[in-house]
């Protein structure tokens, strides 16, 4: 999107595509989950790296728009050149809440991250003062672009806001955000000249006039804990293209920054020069903000980053795109034709553990990468006919179709699922709420997910939110409802009105173990509090002496 930056300094190039594929000999693939349902909530312009899903299956999207957009039943009307928004979709595809970052100037919301409690942290840029709900505000005394970070509760209430200096005259744009388990929030972006974040933290400056910053805040309060001038770009005389950096919060306070670059980058006295049109630069910063290691990847053509995610052990996963042959560490990727993608894993020490190229004669790629509770990477993206994933060749219905895949932490393909229609359909993001997968993306016209087809009210691009899972669970859940079991999923008390008080009950976990033995209370309830989240079978005997069972998902 346009931002108030001198044109010779910045044309942000956001790549939408990335891929993953096969490893040496792999174990047998699992049967893929089935499409259970899909929704078309309207169109909210976003990118594959600006989405997040919480433990309840709610999906959050940050983005920017011009004019007006309608999401669900809500229409947002912008005030200026561009305006930002943050929206929360429920697992059923409804809009839970939405609000805008809007002034007569130029605003954007570029990324969102979630903590374990479901709080959302959104970053972006703004030029004029903004008043948000709950008395939270952003200040500006001029039209220079400033970075913001806002924390929003699960109910959609802004709780605090942090920003660069309200009177700053240089450009400071927020592009990527992440949270860790230590109560830290990290934001990164591009800036010119200098950036001041207050709170007694020294201002940072770029030696070349244009660079990337790394900001650390306290999640609970928004207080700035530190700011680092991460690296600088050698600004050429003519126009240049910069891809905004992607951030991944690692283990023990470490942070990864990954960027695609064309112009040389200066870092710690070393200049990194692209070997092709675009190369990748991977940097790990420790808790003190010092770069521990740097890796340059890429070949003679164009290599880009789409998303980055770190697991609990500090391993780094990347998705991105390749245009032709490339090289990652000691691994050569020949390219399959057109635009190809990759899914790669690096160790905490910066060693490439594996990389999975994916492609065919057309345009193929992944969006963001998400890790489940076991550390397995999942990706959603798009493909054209002839694309290869492992031993599976994919056939598209339209120009591009949706593809979702799961890999093991060792890089072996577990399963692949696809969907599509006659137009161009793209998967952006996949999230989890055991035992389901939630996929978000775009389609044009109509798109079929298993036995369900969603349609758009216009001929232009629309969003979809679809759910994958075991279709037998839906049947079992329906049978559970016949027994009067609710709510499902449950997190506290499970109601069993069909069973009298005192009825013995067993809850069996997915491995067949008795996780809890209890009795129905006088209020016809059973507590599931304290159970490990997952799928359970409830066993009991009804008043007629007949054995009854039901399935319940515990959150």
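In the working numbering, the protein residues as written are 269 to 823.
For each residue, glycine too, the CB sits at the ideal point set by N, CA and C.
If you're wondering where the values come from, they're calculated on a predicted model, not measured in any experiment.
Span of the beta strand (DSSP E) holding residue i?
i: residue 700; result: 694-701
i: residue 686; result: 681-687
i: residue 333; result: 327-333
i: residue 525; result: 523-529
i: residue 774; result: 772-776
i: residue 760; result: Looking at the DSSP string, residue 760 is not in any beta strand (DSSP E), and its letter there is neither H nor E.
i: residue 543; result: No beta strand (DSSP E) holds residue 543; DSSP gives it neither H nor E.
i: residue 566; result: Careful: residue 566 lies outside any beta strand (DSSP E) and carries neither H nor E.
i: residue 426; result: 426-431
i: residue 367; result: 363-369
i: residue 535; result: 533-535
i: residue 387; result: It is not in any beta strand (DSSP E) - residue 387 carries neither H nor E in the DSSP assignment.
i: residue 600; result: 599-601
i: residue 298; result: That residue, residue 298, is in no beta strand (DSSP E); it is neither H nor E in DSSP.
i: residue 482; result: 472-486
Is the beta carbon of residue i less than 8 Å from the beta carbon of residue j?
i: residue 716; j: residue 729; result: no
i: residue 321; j: residue 699; result: yes
i: residue 685; j: residue 401; result: no
i: residue 446; j: residue 516; result: yes
i: residue 512; j: residue 531; result: no
i: residue 769; j: residue 788; result: yes
i: residue 455; j: residue 440; result: no
i: residue 731; j: residue 311; result: yes
i: residue 720; j: residue 675; result: no
i: residue 398; j: residue 367; result: no
i: residue 534; j: residue 481; result: no
i: residue 442; j: residue 496; result: no
i: residue 433; j: residue 477; result: no
i: residue 629; j: residue 585; result: no
Could you give the DSSP three-state label for residue i: helix, strand or coil?
i: residue 313; result: coil
i: residue 633; result: strand
i: residue 645; result: strand
i: residue 403; result: helix
i: residue 550; result: strand
i: residue 606; result: coil
i: residue 823; result: coil
i: residue 796; result: coil
i: residue 343; result: strand
i: residue 617; result: coil
i: residue 743; result: With a pLDDT of 48 at residue 743, under the threshold of 50, the modelled position of that residue is not reliable, and no figure is offered here.
i: residue 462; result: strand
i: residue 510; result: strand
i: residue 372; result: coil
i: residue 418; result: strand
i: residue 593; result: coil
i: residue 812; result: coil
In angstroms with no decimal places, state the Cα-to-Cα distance between residue i and residue j.
i: residue 316; j: residue 639; result: 15 Å
i: residue 749; j: residue 810; result: A caution first: residue 749 carries a pLDDT of 44, below 50, which makes its placement in the model unreliable, though a value can still be read off. Roughly 15 Å between the two C-alpha positions.
i: residue 279; j: residue 579; result: Unreliable positioning characterises residue 279 in this predicted model, as indicated by a pLDDT of 32, which lies under 50. The coordinate reading is nonetheless provided below. Roughly 31 Å separates the two Cα atoms.
i: residue 379; j: residue 808; result: 47 Å
i: residue 804; j: residue 756; result: 11 Å
i: residue 560; j: residue 714; result: 48 Å
i: residue 815; j: residue 353; result: 51 Å
i: residue 702; j: residue 736; result: 11 Å
i: residue 405; j: residue 612; result: 40 Å
i: residue 593; j: residue 314; result: 29 Å
i: residue 725; j: residue 337; result: 13 Å
i: residue 784; j: residue 448; result: 32 Å
i: residue 506; j: residue 693; result: 36 Å
i: residue 818; j: residue 806; result: 5 Å
i: residue 767; j: residue 799; result: 21 Å
i: residue 408; j: residue 382; result: 27 Å
i: residue 743; j: residue 820; result: Low confidence applies to residue 743: its pLDDT is 48, below 50, so where it sits in the model is not reliable enough to give any reading.
i: residue 388; j: residue 342; result: 20 Å
i: residue 431; j: residue 417; result: 6 Å
i: residue 655; j: residue 634; result: 12 Å
i: residue 759; j: residue 775; result: 14 Å
i: residue 745; j: residue 622; result: Its pLDDT being 47, under 50, residue 745 is placed unreliably by the model, and nothing is read from it.
Measure from the alpha carbon of residue i to the alpha carbon of each residue in the options, then state which is nearest.
i: residue 422; options: 483, 326, 350 and 502; result: 326
i: residue 647; options: 666, 663, 604 and 708; result: 708
i: residue 609; options: 683, 539, 760 and 566; result: 566
i: residue 377; options: 724, 457 and 701; result: 457
i: residue 626; options: 607, 365 and 615; result: 607
i: residue 435; options: 443, 415 and 420; result: 415
i: residue 677; options: 642, 657 and 653; result: 642
i: residue 604; options: 697, 577, 661 and 583; result: 661
i: residue 665; options: 688, 355 and 537; result: 688
i: residue 691; options: 704, 727 and 718; result: 727
Closest Cβ-Cβ distance between residue i and chain C: below 8 Å?
i: residue 646; result: Looking at the structure shown, chain C is missing, and only one protein chain is on hand.
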